[in-house]
Every structure is written in C-alpha cells, then in structure tokens.
Amino acid sequence: MAKPTVSLPQGTRDFGPDTVRKRQYIFSTIRSVFELYGFQPLETPAMENLETLMGKYGEEGDKLIFKILNNGVDNKNKEQLFRDGFEKILQGKNTKDITERALRYDLTIPFARYVAMNQGQLSFPFKRYQIQPVWRADKPQRGRYREFYQCDADVVGSTSLLNEVELTILYAETFKRLGVPVEIKLNNRKILAALAEVCGGVEKMIDITVAIDKLDKIGIEKVEGELEQRGLDADQIATIRKYLQVTGSNEERIGQIKALLGSTTSGAAGISELEFILGYFDQLDRPPVAVDFTLARGLNYYTGTIFEVKALGANMGSIGGGGRYDDLTGLFGVPGIPGVGISFGVDRIYDVMDELNLFPPDVQVGSQALFFNLGDAEGRKAFSLLQHLRNAGVRAELFHENTKFDKQFKYAEKKNIPFVIIIGSKELAENNCVIKDLRTGEQKSVSLDELVNFSFL
RNA sequence: GUGGUUGUAGCUCAGUUGGUUAGAGCAUCAGAUUGUGGUUCUGAGGGUCGCCGGUUCGAACCCGGUCAUCCACCCCA
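Numbering (numbering that gives the first Met the number 0), first residue to last: 0 to 456.
Listed below in structure tokens is the structure:
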C-alpha cells in the first residue's frame, strides 16, 4: 500500500463521523439556547476586506490575521506595481496591491461591519447569534487551533444592563445543558480604568491590565516586577497590590474595591453596574458567577462589563468570553450604537467535554436498527420492512450482503447500532422477526405487523 | 514570533556502544464455527524507520537541514 503523502495545513483538522456527531451536539445545544433567548441567526463571509479587520485586535492581533494573496500577481503588465508592493510588505506594511482580503479573525468585527452597513434596515435592539469558523495564524498548541468555531450572541442598540444579566444566564444555562461545570468570571473595564487613573493615568491601563491578568499564572511578585518594568512607581505598585489582594465572596470583594476605588467616577460607575447585574441573580437560580477584578481580556474595544468562562476541573484556557463595547460600529463610520456580546469556543468546549467524559452515550448513535441479511427472500422482506421503519422515522439500515452472523453483529457493534432485527427462513415462515438489544443482550420475537410500533430507544 | 519535545505497521510503543532479513500488543483479514457477535486458538497481510542531504565499509540509531506533532512563552477561544 503506497503511503499517502498528502497532509493538512498546520493547525487544521478533519473531523470523522464520531467527532462530528459530538460537535453537532454542542452546536445544537448552543443554538437552541440562543433561539430560546430571542437571538436571530446571521452568517457573514469567510473573508473580509483586510482593512475591515486591521487595527481592531491590537498589534498582536494584526499579526495573526490570515491574509489572502491577490490573484493576478503574475500579470507581467503590472510587474512593477507588484514589485513595489512587495517591497512595502518586506517593510512590514500592507498594500492592497498584494493583499486586500483576509480570513475573518472573530465574529464580532464582521458583525459590527454588518450592523454599520445595514443600520437603516435593522430594528434595535438587534439580537443576533452567529456560529461560524474563524482563523488565526497562531502557533498551534493545546486548545489552540488555526481554524476553530466561535458561537457568538450579541445585542446591539441597547445600553441596558439587562442584556448583561441575560447573557450571563445564557452562559449558565448552556453549560448546564452540556453538563460542563464552569465559573463565569465578571469584571468591568471601568473599574480597571479607575485603577489606572489612580496609578499613573489612563494611558497606563493596557500596561496594568496585561500585567495583572497574569496574576494566577506567575504570582504577585512577578506581576509587581513587570509593573515596575512598565514604569510604575512604588506608590502605584502598592495600590495595585491592595487591588490584587481583594478576596472573599462577590459581596466582600465589591465592598473592598469600593473602599479602594469607589471615590473615582469611573470606579463608582463600574461597581454599580456590577452590583446591578449581581442583584438580579438573587431572585433566580444563582448562576456560577465570580467577580474577579484581575480579569482584563485583551480586546481593547471593551468598555464596560467583561466576561470570561473557565471550565472547572480541566486544564484549559477560557472556553468563552465577551464584554460590552460602547461604539464598535463607530469604527465603520456609524457612531452611537452600543452593544454587548459573548462567545463560546466550541473546539475548547469539545476538548474539555472529551477529557471529562461528558458526552452522553446516545450522541454516538446513528442508525437505531440494523436488519440482518440472511438470504435473497429474507433480504427482500427485510428491505420492505426497512422502508416502513424509515417512513415511521426510525433510522435504520439493511446489511449490504448475505454473510455470516459474526460479520453482521460486528458491523452493528462498530457502528454503535443498538438493535439488530433478524429475519431468517424460520421467521419468514412464521411472519415475525427477532429483535435483539445489543446493549443488554436481550432479544424477543415480534410479529411483522407490530415491528413498526416497536420502540427503538 | 521565541524556546523545548517527539516522529519506527492502521493505533500504542520496543529496538543494545552504529552491524545480517526492524519487532510486540491491539486492530484488520482468513480459518477453527452452515442461524446468535464480543472469549479462545491458528494463520496471513501490512514498514522507503517523517522527508532531504552528510559522516561511515555499514545508519532506525551519529550530524545538518526541512516538514509535522505536542508542550511552554507571547497572546488567545
């Protein structure tokens, strides 16, 4: 057998039948909760104009955007144009002469682009969900792929904090249905801004958040070292230390942060927003939320509440994230449309569920029943019964050839088909069949008229 | 982008200081077994040792490069 030399681009994967079924289970669970909460579906193209994406994800993000080479760069008439363009690329600049399109990096920016383009037609608040792949030129590693799915739900055209409440509960409900134990972390950019304000000015905010975000990974001393490196003085670092030492229940944490930053305008605003959201949960089944003031999140368009979901008991980064943005569409010339949204990382959710063995066993069941093929006349009878069952909505198939039991059993076992239906010469004569449940080994004789009423579950 | 790990049969992995024809388990296929599988036994097929080059009388093994993988960093879902 010649060994195939074909391969896949780095960081991409094929999904076999079993994997697709398990992924579909996650997708359909998320989709049905999205629909339940009143979100409407949207799809956008895999590629966007490069300028739509550039500059929206920070300097690091720009590097991770997959760019598409223009067609026709071998056109001799334009050779000089392309040579000049290539020179610019070598200097780290982009030029439309070489590349003007790119694969989408997330679903939020394309959505903002869509809203900006269609604001006249949309009725606000507009609630949309979107389930599509995105691409990032990251170096692959655990839980990181170059092609992966995001499932986003966003509400635009409303500043109401009720949206945050709903999205939090939507997170909780979805992970409850999937059986994934999670912690939903909440913070507010205004609180981070307040911290920056009292520690050297708002322009230091990114430096500060990047450093404190690493707290649980590198420890408080290294965070302080990093802050020092980024130009903060001892007083400021002392304040941040106090900020990072906030502990206890959600209420206790808020109390401590109030003492620290409650006197600033943005600090007070952020705190009251958080309190509003948390207050709503008192009258409900409390979702697993945890206020975490070290949560920062990289995307710099967030302005208010920020979310992040961590799977409990699994070695995996965040499996979901989101936040509020005041003016995303402003980037596309349509100011004044605020929004808030969340995202599910399906590929990571899959990895967690696989690791923790959380997929229900019946997810893998394709066909519910297999008719054994035991001869020409038997096979013909089985085929007509097969069609009856299919018309009644039972997923079923007939073994493709008359062969020994051993093979037919093994086929059923391998395809995880729970029931086999045996019609041999004896059953043909008696007008009945044997139905065997392979999971329990039990079998019984059923008349052919009754077969269609049998419960294949 | 930086650093490291690994790459031998479909899968998981052995393979001595470099030495004849590269092995095992599982899986597959065939038979023992003509209508009740999963156990057991027997047998068979399946490898350019990731790829390219170098050192050597001789390379799966040493060296260089390259590709892929996994892991960590950066960043992120």
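Note that the Cβ used here is the ideal one computed from N, Cα and C, for glycine as well.
Rounded Cβ spacing between residue i and residue j (contact assumed at less than 8 Å)
i           : j           : result
residue 382 : residue 397 : 6 Å
residue 214 : residue 293 : 5 Å
residue 304 : residue 272 : 6 Å
residue 134 : residue 102 : 4 Å
residue 221 : residue 291 : So it is not a contact: roughly 19 Å between Cβ atoms.
residue 414 : residue 378 : Rounded, the Cβ-Cβ distance is 19 Å, inconsistent with contact.
residue 60  : residue 104 : 7 Å
residue 69  : residue 107 : Not really, about 26 Å apart at Cβ, beyond 8 Å.
residue 245 : residue 256 : 6 Å
residue 310 : residue 181 : 6 Å
residue 458 : residue 328 : This structure gives no information on residue 458, because the portion of the chain shown stretches from 0 to 456.
residue 411 : residue 451 : About 20 Å separates the two Cβ atoms, so there is no contact after all.
Delimiting residues of the alpha helix (DSSP H) encompassing residue i
i           : result
residue 390 : 375–390
residue 25  : 16–35
residue 241 : 233–243
residue 190 : 188–197
residue 248 : Per DSSP, residue 248 belongs to no alpha helix (DSSP H) and is neither H nor E.
residue 208 : 204–211
residue 403 : Note, residue 403: premise wrong, no alpha helix (DSSP H); not H, not E.
residue 224 : 214–228
residue 81  : 78–89
Sub-8 Å separation of residue i and residue j beta-carbons
i           : j           : result
residue 130 : residue 275 : no
residue 266 : residue 210 : no
residue 191 : residue 208 : yes
residue 252 : residue 219 : no
residue 306 : residue 316 : no
residue 345 : residue 30  : no
residue 457 : residue 28  : This structure gives no information on residue 457, because the portion of the chain shown stretches from 0 to 456.
residue 126 : residue 39  : yes
residue 187 : residue 269 : yes
residue 109 : residue 47  : yes
residue 156 : residue 132 : no
residue 249 : residue 295 : no
Beta-bridge partners of residue i, as assigned by DSSP
i           : result
residue 46  : 102
residue 436 : 418
residue 66  : 101
residue 431 : 446
residue 310 : 181
residue 305 : 186, 322
residue 40  : 128
Residue range of the beta strand (DSSP E) that includes residue i
i           : result
residue 369 : 368–370
residue 343 : 338–344
residue 319 : 317–324
residue 396 : 395–397
Residue i: CB within 7 Å of a non-hydrogen atom of the ligand ATP
i          : result
residue 60 : Summarising the ligand content, the structure contains no ligands, and the ligand ATP is consequently not present.
Worksheet item: At which residue ranges does the region 111–180 contain complete alpha helix (DSSP H) runs of 4 or more residues, listed in the order of the chain?
Response: 161–177
Worksheet item: Where are the alpha helix (DSSP H) runs, 4 residues long or more, that stay fully inside the region 257–291, in chain order?
Response: 264–280
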